[in-house]
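Student: Just add 9 to the spot in the sequence shown (first one is 1) and you have the numbering used here. Starting off with a structure, shown below.
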Amino acid sequence: MPFALSAAIAFIYGTVVGSFLNVCIWRMPRDESIVRPPSHCPNCDHKLSGWELVPLFSFLLLGRKCRKCGEPISWRYFGVELLTGVFFVALLARYGWQLEFFSLALFGSALIAAFFIDLEHWIIPDQLTIFGIIIGVAHDIIGVAIGQSKLMKIPLPFTDATLPMLESIFGLVICGAIFYAIAVLGELAFKKEAMGGGDIKLAAAIGANLPIGLALLSFFVAVAVGSVIGIAWMITMRVMRKDAKSYVPFGPMMVAGVIVVAFFGPQLIDAYMAYLRSGGLTIK
Ligand SMILES: [Zn+2]
């Protein structure tokens, strides 16, 4: 199949998934079911008909507003559909129609929903993180079953025995434990919640889906991105003399970190290794 055709199929799949993600982004933080009732205008309850549900096109054809009551529709609907479509094409270009494409497309979709929900509501729904963990573990089980990946062998102390383990289980335990430790230490140090339960579960889901090295790297990228954005945010608020909340949710930074390492992780590691080899850290 020529790549242009594959890419078109991936793009259409992506926009349809993005359309569903918009439903999740609106309903999950409001504790509404994501399957019932069918899509409707949140303002006037007008039930959307088939042609009003076509990804990207409906938004443009409707002129960004509800056909019945004229309530404006957020740009986020168009943005999430386009973003998910582009994301699926980028994954396809990187992995082809492999197992990785399908598992990362599903996990990445959960991350896109988590990004927008955390940004607005400061929560990461359990449905998304648990779904992510299931995808990571399922990817490994299928990978082992078709002979694409192997079980890890964790050496047991004081014996010659090893414990066979799925890489995803190992990753989720390590990453979840690191974030849990940060949460406990942060609470001791600052006497308030430093890391939410949602962040810990998101870290576990990332650990279940990325090789452990890339998962840890994604957390460093998240902290780096978070510091830059956090400082910029505080300066902006200081300049505008606004008494804004100083809290910037960490979940969206973690999602940004995953996207960076999923596409550029190996290059980042190579660049860092080259930097070390060039004597970057030695004191002369
Ligand atoms: Zn309406």
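Virtual Cβ for every residue (Gly too), placed ideally from N, Cα, C.
1) On a CA-only basis, which of Val257, Asp149, Arg45 is nearest Ser112? Give me that one, please.
2) Run through DSSP, which three-state label would Leu165 get?
3) By DSSP, does Met174 sit in helix, in strand, or in coil?
4) Would you report the Cα separation of Val257 and Ala231, rounded to the nearest angstrom?
5) Tell me Phe148's beta-bridge partners as DSSP assigns them.
6) Taking just the CA atoms, how far does His130 sit from Pro38?
7) Excluding sequence positions up to five away, which residues of its chain have a Cβ less than 6 angstroms from the Cβ of Lys293?
8) Taking 8 angstroms as the cut-off, does the CB of Asp54 come closer than this to any heavy atom belonging to ligand 1?
9) Use the C-beta contact count for Glu202: other C-beta atoms within 10 angstroms, 16 or more gives buried, fewer gives exposed.
10) Mind checking if Phe228 is an interface residue toward chain D, Cβ cutoff 9 angstroms exclusive?
11) For ligand 1, is there any heavy atom lying closer than 8 angstroms to the beta carbon of Gly216?
12) Identify which residue in Leu226, Val237, Val264 has its Cα closest to the Cα of Asp279.
13) Looking at the unbroken alpha helix (DSSP H) that takes in Ile261, where does it start and where does it end?
14) Taking Cβ to Cβ, would you say Ile121 is nearer than 9 angstroms to Leu181?
15) Taking buried to mean at least 16 other C-beta atoms within 10 Å of its own C-beta, is Pro261 buried or exposed?
16) What first and last residue would you give for the alpha helix (DSSP H) that runs through Val230?
17) DSSP beta-bridge partners for Lys56?
18) Would you list, in sequence order, the uninterrupted alpha helix (DSSP H) runs of no fewer than 4 residues that lie entirely inside the region 80-141?
19) Pop quiz: Ser48 and Val32 are said to be a contact at Cβ under 8 angstroms. What is the actual Cβ separation, rounded to whole angstroms?
20) Where Phe259 and Met246 are concerned, what is the direct C-alpha to C-alpha distance, given to the nearest angstrom?
Tutor: On the basis of the data shown:
1) Asp149
2) coil
3) strand
4) 12 angstroms
5) The identity of residue 148 in the sequence shown is His, whereas the question assumes Phe. Answer is none; His148 lacks a bridge partner.
6) 7 angstroms
7) Reliability of the predicted coordinates at Lys293 is poor, the pLDDT of 47 falling under 50, and the value obtained from them is presented with this limitation in mind. None.
8) yes
9) exposed
10) The structure shown contains no chain D; it is built from a single protein chain.
11) no
12) Leu226
13) Residue identity check: residue 261 is Pro in the sequence provided, not Ile. Run containing Pro261: 260-286, per the alpha helix (DSSP H) assignment.
14) no
15) buried
16) 221-248
17) His49
18) 84-104, 108-130
19) 7 angstroms
20) 18 angstroms
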